[in-house]
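Comments concern the structure below.
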Amino acid sequence: MITTLEYDVVIVGSGAGGGTIAARLSPLCESGARIALLEAGPHYTREHFNTRERDMIGLFIDRGAMPSNNYEIAVSAASCVGGSTAVYTGVTFRAPDGLIDGWARDFGLDELSGADIEARFPRLEGEIDAHFPGDEYENANNRLFREGCESLGWPVKQFRVNVARCERCGFCNLGCPYGAKRGTLEVQVPRAVERGVELIPNCRVHTIDDDGVNAVLGDAPEGTMASRHPTGPLRIEAKRIVIAAGTLNSSAILMRSRSRLGDLSPALGRYLTLHPALTSFGRMPEPVRGFDGFPKLHYTDRFSESHHYYIETAFYFPFVTAKSLPGFGSDIRRFMGSYDHLTCALTLVHDEPEHHNRMTIAGPEGRPEIDYRLSQRSRDAIVHAQQSTGRIFFEAGAEEYVSPVSNRFSMTSPADLEPVITVGDLQSGRVVVSSAHPMGGCRMGSDPDTSVTNAWGELHGHPAVVVGDASVFPTSTKVNPYLTVMALAERCAERIAAGL
Amino acid sequence: MGEPYRFLDAGGAATFRALAACVVPPQGEAPGAAHDACVALADRSLSERPERDQRLLRIFLRALEWLPLLRYGRRFSRLDLARRTAFLTLLERNRSVGKLRAGVFGLKTYALLGYYGSDLSFAEIGYPGPRLDAPYYQLRRKGEA
Ligand SMILES: Cc1cc2nc3c(=O)[nH]c(=O)nc-3n(C[C@H](O)[C@H](O)[C@H](O)COP(=O)(O)OP(=O)(O)OC[C@H]3O[C@@H](n4cnc5c(N)ncnc54)[C@H](O)[C@@H]3O)c2cc1C
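From first to last, the protein sequence lines are chains A and B.
If you count the first sequence from 1, position 68 lands on 68 in the working numbering, and the numbers rise without skipping.
If you count the second sequence from 1, position 104 lands on 604 in the working numbering, and the numbers rise without skipping.
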């Protein structure tokens with residue numbers, strides 16, 4: 001039996017985009033608007049986050065990461081209420097100067113302006129407590145990175161982070177156990193629910209049409225909130241449908257809906273960008289305890305213009321750390337034996353949108369898949385960044401440096417970096433690059449042949465369907481993207497509210 | 501005898517255990533990734549991967565078990581540790597078949613999860629483990645009281 005429900009607005013996905021839209025539309029509930037927020041994942045709250053890596057990988061899509069079809073890259077995103085904001089680090093970047101105006105100019109988005117988006121950033125940051133943290137946030141891993149950069153004469157800059165009353169326990173990426181991280185799980189979704197938006201977790205949308213969505217409501221895991229509706233197939237009718245299922249899923253939902261929506265843009269799913277990322281490690285003579293304290297504070301953009309990457313501080317849990325080490329056996333065991341002496345940083349590449357890089361669907365159920373090839377530019381950037389990170393760590397006093405892109409397990413001097421870290425060592429499958437910033441697939445633009453949505457996220461030819469997440473980005477942001485997702489989502493919500 | 505495996509069949513378990521011992525070999529008294537608890541943790545996680553990945557990893561496990569016959573005249577799980585490690589390195593570094601490299605990476609990843617995701621390894625690496633003052637644990641302690 002199919003249960004049928006009716007709302008004015010249905011929002012698919014409760015992450016940075018969907019959660020923001022739900023909160024922005026929620027005041028309309030007071031005047032009788034019926035709004036539903038559908039989330040494929042469960043409603044875990046801070047009380048469920050046990051800070052154990054082996055259990056908390058369950059928060060992520062595919063219990064870890066979704067590999068590309070060629071195994072060159074594996075992409076992480078969360079599947080739970082709050083979406084990836086439940087597991088993000090909270091590094092808060094405003095879109096770089098000129099990015100949004102560049103989108104407006106290059107993609108014919110006359111109604112989008114950099115000034116409008118920039119004006120939103122301070123307010124959004126205020127709502128989620130984004131600020132430059134004090135010196136007490138700088139743990140040894142961050143300090144060593146800063147000192148290494150300073151000693152090399154490379155610029156080292158600080159991030160804003162969105163935390164309040166943070167215990168600095170370092171478990172941000174396993175779900176904040178103290179509720180200090182101000183993602184949509186903690187801020188926008190509760191606000192929306194309080195004002196009357198109906199949150200329906202465990203509800204996976206399969207297809208949509210101009211009048212509603214078709215979904216399946218699953219069981220709630222033990223101890224999590226269940227919805228009041230019976231489990232099983234659901235048909236949800238709505239005047240406006242917001243797709244905010246994240247880059248890994250939004251274009252897949254639209255592709256599965258092709259027969260219902262008719263012709264969709266040939267650009268659907270395409271121009272995927274991922275900010276390819278890779279960690280590398282220095283072993284210091286003294287204990288670093290990088291797992292203690294806030295993990296990410298600094299970055300260097302020294303090679304952003306010339307070689308297309310940032311290096312950011314980072315620190316991960318034992319399994320994720322070990323997974324990034326090359327080779328087998330005693331080397332891994334020995335190096336991991338110094339886990340509390342390790343420094344760690346993350347290469348973050350500014351990849352370009354390319355037509356062949358895309359989300360696609362496969363199998364009878366239309367499961368999302370990733371077709372992505374690292375460009376030569378991105379490969380060169382990764383290699384250069386891994387060498388540069390080695391320079392920073394050696395400068396800071398490292399005795400040994402380990403990069404996954406190398407022809408031997410480790411290096412002990414800066415002179416090793418160039419001969420040992422080479423493009424030839426960046427073989428798909430052996431080195432699996434990671435990504436936590438999927439963007440694109442439903443890119444905005446004025447031309448329906450080369451873009452999927454307009455400047456408001458409305459699907460070309462289907463104004464009742466709005467895409468409100470990172471998939472509308474026409475290019476990558478270069479910087480960590482969540483704040484830009486929120487700013488664009490807020491615009492979508494304003495447009496929807498005006499039209500209701 | 502612990503719980504039965506969910507992903508690994510008997511043959512697959514022998515191959516996986518043999519691989520896990522190469523990824524994190526035992527060291528003195530300390531166990532490695534082939535320890536029962538680590539294999540059980542890896543098996544549970546493997547069983548939760550999407551169907552497509554499980555299918556590929558099963559095929560790869562079988563291929564890994566039999567491919568060394570061509571080179572060493574023995575199955576993977578019957579080789580000594582040094583030969584197994586050499587064979588894995590060969591597959592990992594081969595220049596022509598990306599799927600073999602990816603298969604090694606996939607299974608290595610789960611062997612590492614089994615060991616470094618488990619409390620067994622924490623003391624050795626100087627990691628304090630989970631935050632036992634987190635609300636998750638406080639609530640459970642209250643529930644028990
Ligand atoms: C580990 C990690 C760390 C990160 N750290 C940072 C950081 O420090 N700073 C930063 O700027 N960015 C960071 N990011 C990226 C940031 O979280 C994302 O860019 C942002 O959350 C994207 O927003 P979104 O709305 O597009 O997707 P998401 O936030 O991923 O939300 C999508 C939601 O849709 C749901 N969904 C998917 N399919 C369906 C369906 N069929 N039906 C119903 N619901 C569905 C998903 O379960 C999910 O909850 C990080 C990401 C990860 C994974």
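By construction, the Cβ of each residue, glycine as well, lies at the ideal position given by its N, Cα and C atoms.
Close beta carbons around residue i, own chain, < 6 Å, minus the five adjacent residues each side
i: R34(A); result: Y7 and D8
i: G457(A); result: V466, V467, G468, V472 and C492
i: S84(A); result: G15, A77 and A78
i: S410(A); result: E400 and V402
i: H355(A); result: R270
i: W154(A); result: T300 and R302
Run of the alpha helix (DSSP H) containing residue i, from where it starts to where it stops
i: R558(B); result: E551 to W566
i: K608(B); result: G598 to Y616
i: H384(A); result: Q376 to E395
i: R334(A); result: S330 to M336
i: K642(B); result: P635 to E644
i: K323(A); result: P318 to K323
i: T589(B); result: L581 to R593
i: T300(A); result: No alpha helix (DSSP H) contains T300(A), which is instead part of the beta strand (DSSP E) from H298 to T300.
Spatially closest choice to residue i from the options, by CA coordinates
i: L626(B); options: G175(A), E237(A), D292(A) and G41(A); result: In the sequence on display, residue 626(B) carries Gly and not Leu. Of the listed residues, the one whose Cα sits closest to G626(B) is D292(A).
i: P628(B); options: P230(A), Y372(A), Q427(A) and Y339(A); result: Y339(A)
i: G64(A); options: P630(B), L581(B), T609(B) and Y505(B); result: T609(B)
i: R24(A); options: E194(A), S151(A) and L174(A); result: E194(A)
i: G108(A); options: G440(A), P474(A) and I311(A); result: P474(A)
i: E418(A); options: R367(A), S388(A), Q158(A) and T51(A); result: S388(A)
i: S113(A); options: L278(A), T207(A) and A455(A); result: A455(A)
i: R270(A); options: P233(A), R289(A), G445(A) and P190(A); result: G445(A)
i: A180(A); options: D129(A), D301(A) and P233(A); result: D129(A)
i: V431(A); options: G17(A), A74(A) and I21(A); result: A74(A)
i: P287(A); options: T343(A), E494(A) and D301(A); result: T343(A)
i: D101(A); options: L500(A), T477(A), H308(A) and R258(A); result: T477(A)
i: V205(A); options: R191(A), A252(A) and G223(A); result: A252(A)
i: P233(A); options: T207(A), A95(A) and K323(A); result: T207(A)
i: L500(A); options: R168(A), T184(A) and I241(A); result: I241(A)
i: A520(B); options: P438(A), S330(A), N173(A) and V349(A); result: S330(A)
i: P295(A); options: G98(A), F171(A) and C149(A); result: F171(A)
i: D508(A); options: N173(A), T247(A) and I117(A); result: Nothing can be reported for residue 508(A): it is not among the residues displayed for chain A, which extend from 1 to 500.
i: T484(A); options: T45(A), P96(A), V349(A) and R495(A); result: P96(A)
i: G441(A); options: N480(A), I392(A) and T360(A); result: T360(A)
i: F315(A); options: G327(A), P230(A) and G282(A); result: G282(A)
i: T231(A); options: R123(A), P122(A), I243(A) and G218(A); result: G218(A)
i: F576(B); options: A513(B), E503(B) and V539(B); result: A513(B)
Where the beta strand (DSSP E) containing residue i begins and where it ends
i: Y310(A); result: Y309 to T313
i: I35(A); result: I35 to L38
i: Y401(A); result: E400 to V402
i: S476(A); result: First-last for S476(A): undefined, no H or E at that position.
i: C344(A); result: L342 to V349
i: E186(A); result: No beta strand (DSSP E) contains E186(A), which DSSP labels as neither H nor E.
i: R143(A); result: Where R143(A) is concerned, there is no enclosing beta strand (DSSP E), although the alpha helix (DSSP H) it sits in stretches over A140 to L152.
i: I370(A); result: R367 to D371
i: S250(A); result: That residue, S250(A), is in no beta strand (DSSP E); its alpha helix (DSSP H) goes T247 to R256.
Nearest-angstrom beta carbon gap, residue j and residue i [assumed within contact, 8 Å]
i: V10(A); j: E39(A); result: Not confirmed; about 12 Å, so no contact.
i: V433(A); j: L346(A); result: Between L346(A) and V433(A) the Cβ distance is about 11 Å, and since that is not below 8 Å, they are no contact.
i: L37(A); j: I200(A); result: 7 Å
i: G603(B); j: F560(B); result: 3 Å
i: L274(A); j: S435(A); result: 4 Å
i: V452(A); j: V213(A); result: So it is not a contact: roughly 18 Å between Cβ atoms.
i: M255(A); j: L268(A); result: 6 Å
Same chain only: Cβ atoms within 7 Å of residue i, ignoring 5 sequence neighbours per side
i: P526(B); result: G532
i: R508(A); result: What is shown of chain A runs 1 to 500, which leaves residue 508(A) out entirely.
i: H131(A); result: R160
i: D684(B); result: Because residue 684(B) is not part of the residues shown, which for chain B are 501 to 645, the question remains open.
i: A464(A); result: D210, K239, R240 and I241
i: H308(A); result: V349, H350, R377 and A381
Other residues of its chain near residue i: CB distance less than 8 Å, five sequence neighbours each side excluded
i: E30(A); result: R195 and G196
i: K157(A); result: H298, Y299, T300 and D301
Tell me which residues of the stretch 27-56 of chain A have at least one Cβ-Cβ distance to chain B shorter than 7 Å, keeping chain order. R46, E47, H48, F49, N50, T51, R52, E53 and R54
Under 7 Å, CB to CB, which of the residues in the stretch 518-549 of chain B have a partner in chain A? C522, V523, V524, P525, Q527, L541, S545, E548 and R549
The stretch 320-335 of chain A: positions lying closer than 8 Å to chain B by Cβ: T321, A322, K323, G327, F328, G329, S330, I332 and R333
Members of the stretch 604-626 of chain B near chain A, C-beta cut-off 8 Å: V604, F605, K608, T609, L612, L613, Y615, Y616, G617, S618, S621, F622, E624, I625 and G626
Using a Cβ-Cβ cut-off of less than 8 Å, give me the residues of the stretch 503-519 of chain B that come near chain A, in sequence order. none
Residues of the stretch 153-174 of chain A with a CB closer than 7 Å to any CB of chain B: list them in chain order, please. C169 and F171
Interfacial residues, the stretch 61-83 of chain A to chain B, with Cβ spacing under 9 Å: D62, R63, G64, M66, P67, N70, Y71 and E72
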